[in-house]
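A quick write-up on the structure given underneath.
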Amino acid sequence: DVPLGAFLSGGVDSSTVVAFMAEASRQPVKTCSIGFDVASADETAYAEQVAQLFATDHRARVVSADQFDAIDTLAGMFDEPFADASALPTWRVCQLARENVTVALSGDGADEALAGYRRQVFHAHEERLRGLLPAAMRRNVLGPLGKVYPKADWAPRPLRAKTTLLSLAGSAEEGYARALAVLPPELRGGLYSDHMAGQLGAYRAEQPLFAMMAAAPMRSGLDQAQYVDLKFWLPGDILTKVDRTSMAVSLEAREPLLDHRLVEFCAMLPDNLRVRGRQGKWLLKKAMGRYLPEDVLYRPKQGFVTPIAEWLRGPLAGKARGISKSAMLARTGWFDNARLALLAEEHIAGRSDHSRVLWQLLMLDRSLARLGIS
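Position in the sequence shown counted from 1, then plus 3, gives you my numbering.
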């Protein structure tokens with residue numbers, strides 16, 4: 004009874020939604036996608052492939068670094084310092100959808116319900132290793148090794164030995180908190196001023212996450228990771244992002260893969276129907292084999308990643324350098340400005356990928372300015 008469409012990235016989840024919409028619809032499904040001016044982050048070719056497969060009425064638009072000033076609009080939209088940079092392209096794809104429809108279906112939820120995130124699979128493997136290695140060895144050997152091992156943000160997760168060693172040295176809760184965190188606690192603490200560090204004392208931002216993981220109803224490490232993502236990551240990041248950005252343009256976003264009966268069914272599945280080897284969402288991919296080609300089902304997961312790392316090394320490098328000079332952040336007294344400056348220079352030089360925390364700081368600066376907090 005309303006104009007209906009779908010977001011289409013070309014990944015398994017959105018393609019699944021579009022496949023069933025196309026099967027049920029007498030008219031071409033209206034689909035839309037967002038691309039980027041950085042080739043490594045652009046998925047529009049995959050979206051176009053799926054759009055052609057199901058003969059959808061498809062449109063795409065490109066987001067580039069010159070749209071950075073929309074950060075002020077985002078700060079107003081969320082009314083809090085929401086630090087996921089993919090809010091920018093999500094808002095843009097909502098704008099594009101709203102030109103033709105008033106309701107758009109999204110593919111969110113499958114990663115949480117069916118173990119589609121690499122971090123969930125790694126957590127399950129790490130938990131098995133924790134069970135095999137004595138606690139003293141993990142703490143006294145792997146921990147010190149992890150502290151001196153060089154950081155390799157550029158490498159695939161299995162080769163980031165520093166991350167893996169530090170994760171294995173601690174508890175399951177500590178390990179998964181590291182996987183979710185923008186910055187590990189030892190680096191995060193180094194950003195604060197002496198006064199702020201004193202005010203924080205022993206406080207850990209991860210404490211609510213630790214409590215949630217300890218209380219998780221679980222049969223395995225995979226269950227534990229998925230439970231936290233369903234209770235913590237999904238409502239706090241993904242659904243908040245989609246809800247605020249869609250409502251900002253008077254678009255209603257619906258999430259068919261989060262139907263409670265489907266989520267409850269997925270929660271009852273044994274691990275081997277969710278993950279085989281390192282392949283997450285195994286059952287979904289098998290079920291969709293009759294609808295989707297293998298290069299859609301089994302290509303490496305990319306996710307809706309904004310190329311903020313490349314932008315902050317290129318056209319937005321000045322924005323990164325400006326963080327340590329922010330009058331708004333300086334007035335809070337929260338941060339060590341010299342450390343913020345070093346953070347930006349390390350990123351711009353390509354020595355580390357600090358893009359997520361730099362975006363966090365930029366969003367914090369704009370949110371404080373909007374809210375008039377000093």
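Each residue gets a CB set at the ideal place from its N, CA and C atoms; glycine is no exception. Only a predicted model underlies this, so the values are computations on that prediction, with no experimental measurement involved.
Query	Result
Cα-Cα separation, Ser-223 to Gln-229	10 angstroms
Span separating the alpha-carbon of Trp-285 from that of Asp-368	41 angstroms
Through-space distance from Ser-249 to Ser-36, alpha-carbon basis	14 angstroms
Inter-residue Cα distance where the pair is Gly-375 and Pro-84	13 angstroms
Three or more C-beta pairs below 8 angstroms linking the region 341-349 and the region 316-328	yes
Given 8 angstroms, three or more beta-carbon pairs between the region 300-317 and the region 170-186	no
C-beta contact flag for Val-124 and Arg-279 at 8 angstroms	no
CB of Leu-171 within 8 angstroms of CB of Glu-209, strictly	no
Minimum C-alpha distance to Ala-9 - residue among Phe-235, Ala-100 and Thr-243	Ala-100
Opening and closing residue of the beta strand (DSSP E) in which Glu-255 lies	255-257
Range covered by the alpha helix (DSSP H) that runs through Gly-321	320-325
Among Pro-303, Arg-354, Gly-292 and Gln-227, nearest to Ala-127 - alpha-carbon criterion	Gln-227
In DSSP terms, what Arg-95 is bridged to	Paired residues: none, contrary to the question.
Per DSSP, cross-strand counterpart(s) of Cys-35	Phe-10 and Arg-62
Buried or exposed (CB count within 10 angstroms, at least 16 for buried), Val-65	exposed
Rounded C-alpha distance that separates Met-221 from Met-271	11 angstroms
Glu-102 versus Leu-254: straight-line alpha-carbon distance, rounded	10 angstroms
C-alpha gap between Lys-234 and Ala-214, whole angstroms	12 angstroms
Residues near Ala-320 by beta carbon distance below 6 angstroms, same chain, minus five either side	Ile-351
Nearest neighbour of Ala-341, chosen from Phe-39, Leu-194, Asp-114 and Ala-78 [CA to CA]	Leu-194
Sequence-distant residues of the same chain with beta carbon closer than 6 angstroms to Gly-283, five excluded per side	Ala-118, Gly-119 and Val-124
Environment of Ala-290 [buried if 16+ CB atoms lie within 10 Å]	exposed
Within 8 angstroms, strictly: CB atoms of Trp-362 and Ala-88	yes
Rounded C-alpha distance that separates Val-21 from Arg-293	14 angstroms
Same chain, Cβ closer than 7 angstroms to Arg-247, neighbours up to 5 away in sequence not counted	Met-80 and Phe-81
Proximity to Asp-356 [Cα-Cα], best of Leu-371, Ala-116 and Ala-312	Ala-312
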